[in-house]
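If you want our numbering, it's the position in the sequence shown, counting the first as 1, plus 43. Backbone N, C-alpha and C fix where the C-beta goes; we use that ideal spot for every residue, glycine too. Remarks on the structure that follows.
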Amino acid sequence: MKTNRRNFLAAALSGSAAAAFPFASSGQFLNAPRHGLPGTLEERYAKLDAILKEPVFKRHLFPDPVMIESVELLLNRKQYTCRVRSKDGHEGISVSNAAQMEVLYPLFVKHIAPFFVGKDARDLEWLIPESTVYHNNYKAQGLAIWVPIATIEFAILDMFGKMAKLPMGLLISDKIYNHSISVYQANGERGISAEETVEHLKQEVAVSKAKAIKFKLGGRMSHVETPVGRSEKLIPLVRKTFGDEMIISADANGSYNVAEAIRIGRLMQEYKYAFFEEPVPFDWYEETKQVADALEIPIAGGEQEPSTHNFRWLVANGGLSIVQQDMFYFGGMVRCMQVARMANAFGKQCIPHISSTGLGYVYMMHFVTAIPNSGPYHEFKEFNDELPYHCATSTLRSDSDGVIKVPTGPGFGVEIDPDFLKQAAVVTA
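In structure tokens form, the structure reads like this:
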């Protein structure tokens, strides 16, 4: 997939709320102006509310009840997996965000998994919000509940995919839009010099063959940046080092106030960067819009966002041009699809975030197959070696063009070593 950074996807407004995805991605990062969104704010909210009422999960594929008999959390070598079984013998497996589940497993075992037992799995779209009311789980709003819920949802979708002999993407979409994923090389370092960051990026790109890169700016969530002046030096240096054909973006992780974000954003514009991620703290919604209104570079965000309603505000008010809901932190594919649909209705792209290392990346790939407004590049998370797996339809590695083929097998499309699962202990609180 070759991308010319000078060609951009124009913003557009869909003509019908029922047409969930009226605009296919051109394969470019967008440069849609945030100024003067079509219609009144009330009309935009009405459009988004209609989209949120549209079903996501393809329930009609399963005419008979699929009653959940058990939901188990398994642990082996610090790797958490989930096993869902139905009363008629079907089974689904998912991998979790191990780093988060290490501290969240009591919520999973005590407060979330029991709700799903005895329910008809076909009611997935009802089960997800209802599970937040069970035991007052909504009081732990955020990744505390959404990582466990996502883990269960992924296992349920794996089970349904195996039953229907379909990959996950076709359980939430009518067609496959992307058969492969072009990766961008991300560097997550702070606290080192601009020169060191560039050298590390060069080494990483040599391995991934990525045609796009992203690095960190600022000091994270308004902390002081070290070394002082690193961002101002790094922005032009990365462009000079990698040349005009490299697609370059940067992530501030909420490092700036509005004035500083605008100043840094203008520097990024000067050097023709593709997007500016989280310029101000992620829950500063009005300030995010102020930055977006002042700049032409697309503003991206949503990695930390737990609320569909807040995404609704950001889309309707033009706060974001690129939504980045996290597959685990936001609670799975159904909720992520709702955000992607809202974004697409106003010509905005979706570049979903994936917080989990290892095989969790595969969920993001399946999701990207199901949406036409995905960005042209997605961050690749290296797989760890502690979770043995086999994938018959993809190497799950980027090729010489920086492209990864999405698995096409049923459900997850990746088989976890059965012996590894047999050796796993069932986690109890």
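Under the three-state reduction of DSSP output, Y123 falls in the strand class.
Linking T284 to E339 through their CA atoms gives a straight-line distance of about 24 angstroms. Annotation: the continuous beta strand (DSSP E) that includes G344 extends over 342-344. In the three-state scheme derived from DSSP, where H, G and I count as helix and E and B as strand, K448 is classed as strand. P210 and H409 do touch by the CB rule: their CB atoms are close to 6 angstroms apart, below 8 angstroms.
Counting C-beta atoms within 10 angstroms of its own C-beta, T124 has 16 or more neighbours from the protein chains shown and is therefore classed as buried. Annotation for S443: K252 place their beta carbon closer than 6 angstroms to its own, counting only its chain and skipping 5 residues before and after. Proximity to G272 across R282, I307, E247 peaks at I307, based on C-alpha coordinates. Where Q228 is concerned, the enclosing beta strand (DSSP E) starts and stops at 223-229. With contact defined as three or more Cβ pairs closer than 8 angstroms, the stretch 212-229 and the stretch 147-158 are not in contact.
For S265, there is no enclosing alpha helix (DSSP H), since its DSSP letter is neither H nor E. Membership of V190 in the alpha helix (DSSP H) is indicated by the continuous run 186-207.
Between V127 and the set K182, D217, F197, I459, the nearest pair of CA atoms involves F197. A Cβ-Cβ contact shorter than 9 angstroms links Q368 with R378.
Here H396 carries a strand assignment [DSSP, helix/strand/coil]. Within the same chain, Y227, Q228, A229, N230, I291, S292, A293, D294, E320, E422 come within 8 angstroms of K257 by CB-CB distance, once the 5 residues on both sides are set aside. Per the DSSP secondary-structure output, I155 pairs with nothing in a beta bridge. If you ignore the 5 residues before and after D163, its C-beta comes within less than 7 angstroms of the C-beta of P108, V109, M110, all in its own chain and listed in chain order. Across the structure, V334 and G374 are spaced so that their CA atoms are roughly 28 angstroms apart.
In this model, G452 and T269 are separated by some 46 angstroms (Cα to Cα). In the displayed model, L439 falls within coil according to three-state DSSP, outside both helix and strand.
Partner residues in a beta bridge of S139, as assigned by DSSP, do not exist. The Cβ atoms of I195 and L464 do not sit closer than 9 angstroms to each other. Secondary structure note for S364: it is in no beta strand (DSSP E), with a DSSP letter that is neither H nor E.
Spatial neighbours of K205 in its own chain (CB-CB distance under 6 angstroms, excluding positions within 5 residues in sequence) are listed in chain order as P453, G454.
For E247, the secondary structure class from DSSP, reduced to helix, strand or coil, is helix. Where A386 is concerned, the enclosing alpha helix (DSSP H) starts and stops at 376-388. For I291, the enclosing beta strand (DSSP E) covers residues 290-294. Three or more Cβ pairs closer than 8 angstroms define a contact, and the stretch 397-404 falls short of that threshold against the stretch 92-102. Counting the other Cβ atoms within 10 Å of the Cβ of K259 gives 16 or more, which makes it buried.
By the CB criterion at 9 angstroms, I305 and A337 fall inside the cutoff. Comparing C-alpha distances from Y432 to each of D287, P450, N416, W189 shows the shortest one belongs to P450. Scanning its chain for C-beta atoms nearer than 7 angstroms, with the 5 sequence neighbours on each side dropped, one finds around P279 the residues Y314, in chain order.
Counting the other CB atoms within 10 Å of its CB gives G132 a total below 16, which places it among the exposed residues. T175 has its alpha-carbon roughly 24 angstroms from the corresponding atom of K130.
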